[in-house]
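S.K.: There's a structure below that I have some questions on.
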Amino acid sequence: MNRRAFLAGTALCLSGTVASAQMKVADLRGSIDSADLGLVPNAANDQTTQFQNAVNRAVERGRALFLPAGTYPVANLRLPSGTLIVGVPGRTRLVYQGGGGQLIRAEGVSNIGLTGITFDGANRSIGDFTEGLLHFIGVRNLSLDNCQIAGSAKTGLVLDRCSGRVENCLISGSAEAGMRSNEADGLAITGNTVTDCANGGIWVHRWREGEDGTIVSGNRVERIGARYGGTGQFGNGINVFRAHGVIVSNNRVADCAFSAIRSNSGSNVQILGNSCMRSGETAIYSEFGFQGAVISNNIVDGATTGISIANFMNGGRMAVCSGNLIRNISEDGPYPPEVAGFGIGIAAEADTALTGNVIEGAPKFGLLLGWGPYMRNIAASQNVLRECGTGIAVTVVDGAGPAIITNNIVQGAKSGAINGFRWLEKATGELNNASDFANLTVQGNQVMA
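In this note's numbering, the protein residues as written are 49 to 497.
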């Protein structure tokens with residue numbers, strides 16, 4: 049590229065940047081500056097009354113409220129329909145004043161927009177009437193964009209029966225979950241960063257099972273604890289509970305006390321293309337009374353079990369588990385081992401196809417097919433299992449249903465390539481053929497030392 053072309057290109061880029069900036073300024077020309085309504089940044093005294101008045105006046109005029117950079121000490125704000133508040137990202141801070149209340153609440157309203165604002169809970173006490181620093185109830189078309197929520201003494205953001213989007217936000221330091229949605233009605237949670245929360249990252253829950261359809265995509269969730277302990281109810285990066293039709297895709301989830309992604313009783317869930325690093329227990333779960341799960345193209349590096357598709361005894365069934373890469377599995381879990389224990393690459397029980405997965409370094413089982421009599425219609429094909437304890441363990445307990453184990457590669461299995469188990473007790477030698485078990489088809493597998 050010659051100098052003239054380079055300068056022309058640079059001028060074009062700069063003109064685009066200036067045009068973008070001018071467009072954003074233009075968007076705010078019709079807004080009301082909060083200072084014109086008596087709301088002063090960096091005031092020493094509580095500004096709740098002035099802030100609420102400024103919000104109400106802006107809504108009455110059908111205008112956005114612009115908050116200049118600075119700190120605003122407030123509490124117990126109520127947002128009416130049509131509220132649009134715009135701040136300076138990282139520099140406009142609403143600091144909760146405590147007193148057993150909450151910072152912001154909106155209920156039964158619509159068209160709420162919050163952009164470029166930091167909500168600081170200051171770790172002050174939140175009232176018993178709410179579970180979050182920010183609580184939205186029955187809000188239609190809610191938008192939180194490029195905001196920060198920090199230091200909540202409970203959950204940072206609670207959304208009950210809401211529609212809309214939460215995107216490009218940073219949520220950190222919550223004493224419970226970073227954010228929780230209950231019974232969403234068309235919600236997208238995208239591009240957010242949720243870190244250093246004591247009990248959970250992103251929760252998509254319902255009080256009763258039902259269609260939810262929330263999209264959780266492109267988020268970064270890191271360092272999630274399990275303050276309340278237990279065996280997996282808490283400590284999960286992304287948790288789906290009773291919510292059907294949820295899509296969890298392209299998230300990076302790391303350093304969670306329990307699971308990176310855990311779906312409990314969530315039917316038709318899709319868990320796609322996620323990166324799950326250093327999970328303290330099972331990295332990806334589809335468990336209990338679900339019907340329908342697609343778990344594909346995920347990377348799991350570090351966990352006690354890579355993927356578990358479990359609980360046929362509770363109705364958990366019907367899954368596709370394909371194209372996942374699983375490595376660095378440990379037998380050391382966060383509580384004494386139960387049921388099949390830890391150290392498993394993928395475990396599945398009913399009406400499930402396991403194809404094209406690559407598993408390396410699962411110290412107990414690469415694949416665990418069924419558990420006791422709880423197995424039906426398992427197809428395990430074209431998987432690569434390397435340096436595992438037992439490559440493939442399949443239940444041979446009386447009452448177990450059919451399974452097909454075909455065209456897999458098992459290399460370097462330390463305790464056996466393909467073996468039948470009665471619960472945790474090895475019950476067969478190598479299953480080069482399954483003539484003794486009418487429900488098993490084992491053929492075309494390649495076993496290498």
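Just so it is clear, CB atoms sit at the ideal spot from N, CA and C, and this is done for glycine as well.
With a CB to CB cut of under 7 Å and the five nearest residues on each side skipped, what residues in its chain are close to M71?
M.R.: The residue labelled residue 71 in the question sits at position 23 within the sequence shown. Confidence at M71 is low in this model, with a pLDDT of 35, below 50, so its placement is unreliable and the value that follows should be read with caution. For M71, where only same-chain residues beyond five positions count, there are no Cβ hits under 7 Å.
S.K.: Indicate the three-state DSSP secondary structure (helix, strand or coil) for V387 in the structure shown.
M.R.: In the sequence shown, the residue the question calls residue 387 occupies position 339. Residue state, collapsed to three classes: coil.
S.K.: Roughly how many whole angstroms lie between the Cα atoms of A69 and I453?
M.R.: Within the sequence shown, residue 69 is the residue found at index 21, counting from 1. Within the sequence shown, residue 453 is the residue found at index 405, counting from 1. Because the pLDDT at A69 is just 35, under 50, the model does not fix this residue reliably, and the point stays unresolved.
S.K.: Between which residues of its own chain and A427 is the CB-CB distance below 6 Å, once the five residues before and five after are set aside?
M.R.: What you label residue 427 is simply residue 379 of the sequence shown in a count that begins at 1. Closer than 6 Å at the Cβ level, and outside the excluded window around A427, lie A401, I452.
S.K.: Return the chain-ordered list of same chain residues with a C-beta closer than 6 Å to the C-beta of V432, the five sequence neighbours on each side being excluded.
M.R.: As a first step, residue 432 must be located in the sequence shown, where it is residue number 384. Once the five neighbours on either side are set aside, the close Cβ partners of V432 are V406, I457.
S.K.: Report yes or no: do the segment 114-126 and the segment 82-97 share at least 3 C-beta pairs separated by less than 8 Å?
M.R.: With the cut-off at 8 Å, the segment 114-126 and the segment 82-97 touch.
S.K.: Could you please give the first and the last residue of the uninterrupted beta strand (DSSP E) stretch that includes Q196?
M.R.: Your numbering for residue 196 matches position 148 in the sequence shown. Its beta strand (DSSP E) spans residues 196-198.
S.K.: For the segment 291-302 against the segment 274-283, are there 3 or more C-beta pairs whose distance is under 8 Å?
M.R.: The answer is no - the segment 274-283 does not touch the segment 291-302, with fewer than three Cβ pairs under 8 Å.
S.K.: Using DSSP with H/G/I as helix, E/B as strand and the rest coil, what is Q459?
M.R.: Taking the sequence shown and counting its residues from 1, the one referred to as residue 459 is at position 411. It is a strand residue.
S.K.: For N196, which residues of its own chain have a beta-carbon under 6 Å away from its beta-carbon, when the five flanking residues on both sides are left out?
M.R.: Mapped onto the sequence shown, residue 196 falls at position 148. The sequence shown places Gln at residue 196, not Asn. Excluding sequence neighbours, Q196 sits near T166, L218.
S.K.: Tell me the rounded alpha-carbon separation between Q150 and N171.
M.R.: Here residue 150 is taken as the residue at index 102 of the sequence shown, counted from 1. Here residue 171 is taken as the residue at index 123 of the sequence shown, counted from 1. C-alpha separation (whole angstroms): 11 Å.
S.K.: By Cβ distance, which residues of its chain are closer than 6 Å to S220, with the 5 residues on each side in sequence left out?
M.R.: What you label residue 220 is simply residue 172 of the sequence shown in a count that begins at 1. These residues qualify, in order along the chain: A198, T243, D244.
S.K.: Counting only the same chain and skipping the five closest in sequence on each side, list residues whose C-beta sits under 6 Å from that of N50.
M.R.: Within the sequence shown, numbered from 1, the residue matching residue 50 stands at position 2. No answer about N50 holds up, because its pLDDT of 49 lies below 50 and its placement is not dependable.
S.K.: Using a Cβ-Cβ distance cut-off of 7 Å, determine whether F306 contacts chain D.
M.R.: Judged by its chain identifiers, the structure shown contains no chain D, having just a single protein chain.
S.K.: Please work out which residues of its chain come closer than 6 Å, Cβ to Cβ, to R375, disregarding the five sequence neighbours upstream and downstream, and give them in chain order.
M.R.: Position 327 of the sequence shown, counting from 1, holds the residue named residue 375. The answer, listed in chain order, is D349, E408, G409.
S.K.: Could you have a look at L162 and say whether DSSP puts it in helix, strand or coil?
M.R.: Here residue 162 refers to the residue found at position 114 when the sequence shown is read from its first residue. Looking at L162 - three-state DSSP - the assignment turns out to be strand.
S.K.: Counting along the chain, where does the beta strand (DSSP E) carrying V288 start and finish?
M.R.: Residue 288 sits at position 240 when you count from the first residue of the sequence shown. Here the beta strand (DSSP E) through V288 covers 284-292.
S.K.: If you run the structure through DSSP and keep just helix, strand and coil, what is M423?
M.R.: Position 375 of the sequence shown holds residue 423. Residue state, collapsed to three classes: coil.
S.K.: Cα separation between G389 and E379?
M.R.: Locating residue 389 in the sequence shown gives position 341, counting from the first residue. Locating residue 379 in the sequence shown gives position 331, counting from the first residue. Roughly 8 Å separates the two Cα atoms.
S.K.: Give the list of continuous alpha helix (DSSP H) stretches no shorter than 4 residues that lie fully inside the segment 210-274.
M.R.: Complete alpha helix (DSSP H) runs here, min 4: none at all.
S.K.: How many angstroms separate the CA atom of E386 from the CA atom of T279?
M.R.: Residue 386 sits at position 338 when you count from the first residue of the sequence shown. Residue 279 sits at position 231 when you count from the first residue of the sequence shown. Cα to Cα, E386 sits roughly 10 Å from T279.
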